[in-house]
Amino acid sequence: MHIPDGFLPPHICLAGYGITGGVSWYCLRQINRDRHVQANIPKASLLTAAFFVASLIHIPVPPTSIHLILNGMMGAVLGYYAFPAILIGLFFQAVMFQHGGMSTLGVNAIILGSPSIAAYHLFRQRDRFRSNQQLFTKILAFGAGAGSLLLSAGMFAVLLITNISPDIDVNTERTAILLSLGSYGIQAAIEGVFTLMLISFLEKVKPELLKS
Amino acid sequence: MKLVLDQYAYLDSPLHRWQQDYKLVGLLSLIFAFAFIQNLWLLPVMITITWILFSLSEIPISFLIKRLRYPGWFILAVVIFLPFLSGNTPIFQWGHLIIRQEGCWDALLISVRFFCILTVSLILFSTAPFLSSIKAMRSLGLSQVIVDMTLLSYRYLEELGEMLTTMQRAMKLRGFQPKRLSRRNLEVFAQLTGSMLVRSYERSLRIYQAMILRGYGCQVNSKKNYWKLEINRSNLGSLLATLTAIATAISLIVMQVFLPSF
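Chains A and B are the protein sequences, given in the same order. Everything in the first sequence is counted per our numbering, starting at 1 for the first residue and increasing by one. Everything in the second sequence is counted per our numbering, starting at 213 for the first residue and increasing by one.
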């Protein structure tokens, strides 16, 4: 779900960098308010690398396979560190594998990073529920995983299809957006269930990871 | 997972001698100027600039082709539909299938822009060690938190990749061969990812202890080395190259604005 170089007009690329700068500033301000910022940097960095590597795991969905985005999961585990982590991950992907690109780095960071912050706020709501917390954790984990992917897919499809060419008919654009959202809907359901399973695993094995 | 980023970072070409902070400013200006191009008349100019830079970098063409292969397929999958969907002027019709002129031009513009920007990005990050690029970004004002996270993530990326390969091999040896999507298979993948996160987290705690023992966080010299425009013998060439790149970028944007459209 990366928009490659050359697909978007320059004003969108520049706006992407501008918004990414603003969101990064806000996230860094929240991070700097943390009392243990120095101790959390190695944790966030190693988890960034782990998420980057985990996104290379291919899940078989015959006749093809998909790889997970995990931006909702990153939001749930990393909190405000998720946005810089995604920015770094996208930078690595652009430089190492030529996925995405340098001119569209800002736009891609918004597409994948802002839903992760939304997922963090959604997942944090589990602290409000004292009774039946396990059930609510599962529901919120699914919502964070599936919701953030759907949000990213929506932004990706709308930005790509409406900007790729000025000569495409509006109805064709609408059909293409709905078609791509339909296929991403299936992936969102898989990602939601995967996030639920992953959160349940971490709660059993290392609950402090979800609280740190 | 092998990261071959620094494979050609130690050659001795004019692009390698161009200081990375200056090069970052110059080539990023060019990348953004390329993103501005909408006029088909400017495509040969863009290709020529890219070709000159690539020739000067002395990077083998096989490296570029290898790097272009995967994103190239993605581009092909997207732009192949444009001649059928975009525009009103038919140039070829076969039954319901109509190839339109505007769509063909759009596909050409996007493909050339993509190819040129990607090649310049590759030159930018392949003609210097990755750590020099991060240092250059720090000197240009990138936040310390992001710099630290980038350096640490980069340091452990390959090791975690090896860890994942080992774990997947172990799973395979125990008979796990997923062929279809099922609840059990998804659960196994979730446990694999979870184990990797737990291992990384535990490792990060040990790394932090080691880092503070080595003085991490102690500001011995708090003066930050921000990028300053200084003219001396050692960076005169880099400065001239950067100014040339910026002037080229501005000229391209001016030509884009004033040239009549194709």
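C-beta: ideal position from N, C-alpha, C; glycine also.
Quiz item: Do A:A176 and A:I161 have their C-beta atoms closer together than 7 angstroms?
Solution: In the first sequence, the residue the question calls residue 176 of chain A occupies position 176. In the first sequence, the residue the question calls residue 161 of chain A occupies position 161. Yes, Cβ-Cβ distance for A:A176 and A:I161 is below 7 angstroms.
Quiz item: Looking at C-beta atoms only, is the number of pairs between the segment 41-57 of chain A and the segment 68-88 of chain A that lie closer than 8 angstroms three or more?
Solution: By the C-beta criterion, the segment 41-57 of chain A is judged to be in contact with the segment 68-88 of chain A, since at least 3 inter-stretch pairs fall below 8 angstroms.
Quiz item: On the premise that B:L464 lies in contact with B:L254, defined as a C-beta separation below 8 angstroms, what is that separation, rounded to the nearest angstrom?
Solution: The count along the second sequence starts at 1 and reaches residue 254 of chain B at position 42. The count along the second sequence starts at 1 and reaches residue 464 of chain B at position 252. About 7 angstroms; that satisfies the 8 angstroms criterion.
Quiz item: Can you tell me the Cα-Cα spacing of A:Y120 and A:F142, whole angstroms?
Solution: The sequence position of residue 120 of chain A within the first sequence is 120, counting from 1. The sequence position of residue 142 of chain A within the first sequence is 142, counting from 1. Computed Cα separation, rounded: 12 angstroms.
Quiz item: Near B:W411, what residues of its chain come up, given a Cβ to Cβ distance below 8 angstroms and the 5 sequence neighbours on each side ignored?
Solution: Residue numbering aside, residue 411 of chain B sits at position 199 when the second sequence is read from its first letter. A quick correction: the sequence has Arg, not Trp, at residue 411 of chain B. Within the same chain, B:R411 has close Cβ partners M375.
Exercise. Name the two residues that bound the continuous beta strand (DSSP E) containing A:S152.
Key: As a first step, residue 152 of chain A must be located in the first sequence, where it is residue number 152. Boundaries for A:S152: no beta strand (DSSP E) harbours it, while the alpha helix (DSSP H) harbouring it runs 133-163, taken from the DSSP string.
Self-check item: Coil, strand or helix - B:F293 by DSSP
Solution: Along the second sequence, one-based indexing puts residue 293 of chain B at 81. Here B:F293 sits in coil by DSSP.
Practice problem: Give a yes or no on whether 7 angstroms exceeds the smallest Cβ distance from B:G429 to chain A. | Solution: Reading the second sequence from its first residue, position 217 is the one you call residue 429 of chain B. So yes, B:G429 belongs to the interface.
Quiz item: With 7 angstroms set as the bound, which would you pick, yes or no: does the beta-carbon of A:K204 sit closer than that to a beta-carbon of chain B?
Solution: Here residue 204 of chain A refers to the residue found at position 204 when the first sequence is read from its first residue. Using a Cβ-Cβ cut-off of 7 angstroms, A:K204 does not count as an interface residue toward chain B, since no Cβ of chain B sits closer than that to its own.
Exercise. Would you list, in chain order, the members of the segment 92-119 of chain A that have their beta-carbon closer than 8 angstroms to a beta-carbon of chain B?
Key: Result list: F92, A94, V95, M96, F97, Q98, H99, G101, M102, S103.
Quiz item: Do you know whose CA, among A:L149, A:L56, A:Q98, A:H67, lies nearest B:F286's CA?
Solution: Along the second sequence, one-based indexing puts residue 286 of chain B at 74. If we check each option's Cα against that of B:F286, A:Q98 comes out closest.
Exercise. Give the interface partners of B:Q403 over in chain A, defined as CB-CB distance under 7 angstroms, in chain order.
Key: Within the second sequence, the letter at position 191 stands for residue 403 of chain B. The contacting residues are F201.
Quiz item: Which chain B residues sit within Cβ distance under 7 angstroms of A:T48?
Solution: Working through the first sequence from its first residue, we reach residue 48 of chain A at position 48. Chain B residues near A:T48: M361, S365.
Quiz item: In the segment 29-47 of chain A, which residues sit with their C-beta less than 7 angstroms from some C-beta in chain B, listed in chain order?
Solution: Of all residues in the segment 29-47 of chain A, the ones placed with a Cβ closer than 7 angstroms to any Cβ belonging to chain B are I31, Q38, A39, I41, P42, K43, A44, S45, L46, L47, in chain order.
Quiz item: Which value, in whole angstroms, describes the spacing of the CA atoms of A:V170 and B:S298?
Solution: What you label residue 170 of chain A is simply residue 170 of the first sequence in a count that begins at 1. What you label residue 298 of chain B is simply residue 86 of the second sequence in a count that begins at 1. One C-alpha to the other measures close to 10 angstroms.
Quiz prompt | CB contact below 7 angstroms: A:A54 versus chain B | solution = The sequence position of residue 54 of chain A within the first sequence is 54, counting from 1. Yes, its Cβ sits closer than 7 angstroms to a Cβ of chain B.
Quiz item: Buried or exposed: which applies to B:F304, given that a residue is buried once 16 or more other Cβ atoms fall within 10 Å of its Cβ?
Solution: Residue mapping note: residue 304 of chain B aligns to position 92 of the second sequence, counting from 1. Exposed.
Exercise. Buried or exposed for A:H67, please, with buried defined as at least 16 other CB atoms from any protein chain shown within 10 angstroms of its CB.
Key: As a first step, residue 67 of chain A is located in the first sequence; it is residue number 67 there, counting from the start. Label assigned to A:H67: exposed.
Quiz item: When we look at the beta-carbon of A:G106 and count the other beta-carbons within 10 Å, is it buried (16 or more) or exposed?
Solution: Translated into positions along the first sequence, residue 106 of chain A becomes position 106. Buried.
Quiz item: So which residues of chain A does B:E270 contact, with C-beta pairs closer than 7 angstroms?
Solution: Walking along the second sequence from the start, residue 270 of chain B turns up at place 58. Chain A residues near B:E270: none, gap ~19 angstroms exceeds 7 angstroms.
Exercise. Tell whether a beta-carbon distance below 7 angstroms holds between B:T331 and B:F248.
Key: As a first step, residue 331 of chain B must be located in the second sequence, where it is residue number 119. As a first step, residue 248 of chain B must be located in the second sequence, where it is residue number 36. No, the Cβ-Cβ distance between B:T331 and B:F248 is not below 7 angstroms.
Practice problem: Taking A:T104 and A:P4 to be in contact with their CB atoms under 8 angstroms, please state how far apart those CB atoms are, rounded to whole angstroms. | Solution: Numbered from its first residue, the first sequence carries residue 104 of chain A at position 104. Numbered from its first residue, the first sequence carries residue 4 of chain A at position 4. With a Cβ gap of about 7 angstroms, A:T104 and A:P4 count as contacting.
Quiz item: What are the boundary residues of the beta strand (DSSP E) that B:R312 is part of?
Solution: Position 100 of the second sequence, counted from the start, is the residue given in the question as residue 312 of chain B. From DSSP, the beta strand (DSSP E) with B:R312 extends over 309-312.
Quiz item: Can you list the residues of chain B that A:L209 reaches, using a CB-CB cut of under 8 angstroms?
Solution: Within the first sequence, the letter at position 209 stands for residue 209 of chain A. The answer, in chain order, is L409, V410, Y413.
Quiz prompt | Cβ-based neighbour list, B:S450, same chain, cut-off 6 angstroms, excluding 5 preceding and 5 following | solution = Reading the second sequence from its first residue, position 238 is the one you call residue 450 of chain B. Take B:S450, set aside five residues on each side of it, and the residues of its chain with a beta-carbon closer than 6 angstroms to its own are W230, Q231, Y234, in chain order.
Quiz prompt | First through last residue of the beta strand (DSSP E) which encompasses A:H58 | solution = Position 58 of the first sequence, counting from 1, holds the residue named residue 58 of chain A. In the DSSP assignment, A:H58 falls within the beta strand (DSSP E) that extends over 58-61.
Exercise. Alpha carbon to alpha carbon, how far is A:S152 from A:L112? Give it in angstroms, no decimals.
Key: The residue you call residue 112 of chain A lines up with position 112 of the first sequence. The residue you call residue 152 of chain A lines up with position 152 of the first sequence. Approximately 6 angstroms, taken between the alpha carbons.
Practice problem: Report the three-state DSSP secondary structure of B:F244 (helix, strand or coil). | Solution: The residue labelled residue 244 of chain B in the question sits at position 32 within the second sequence. Residue state, collapsed to three classes: helix.
Quiz item: Should A:V205 be labelled buried (16 or more other beta-carbon atoms within 10 Å of its own) or exposed?
Solution: Taking the first residue of the first sequence as 1, we reach residue 205 of chain A at position 205. With fewer than 16 other beta carbons inside 10 angstroms of its own, A:V205 counts as exposed.
Quiz item: In chain B, which residues lie with their C-beta within 9 angstroms of the C-beta of A:P62?
Solution: The residue given as residue 62 of chain A occupies position 62 in the first sequence. Within chain B, the C-beta atoms nearer than 9 angstroms to that of A:P62 come from K391, R392, L393, in chain order.
Quiz item: Among all the DSSP beta bridges, which residues are the ones paired with B:L305?
Solution: Stepping through the second sequence from its first residue, residue 305 of chain B is reached at position 93. Looking at the sequence itself, residue 305 of chain B is Gln, so the reference to Leu does not match. Answer is B:I310.
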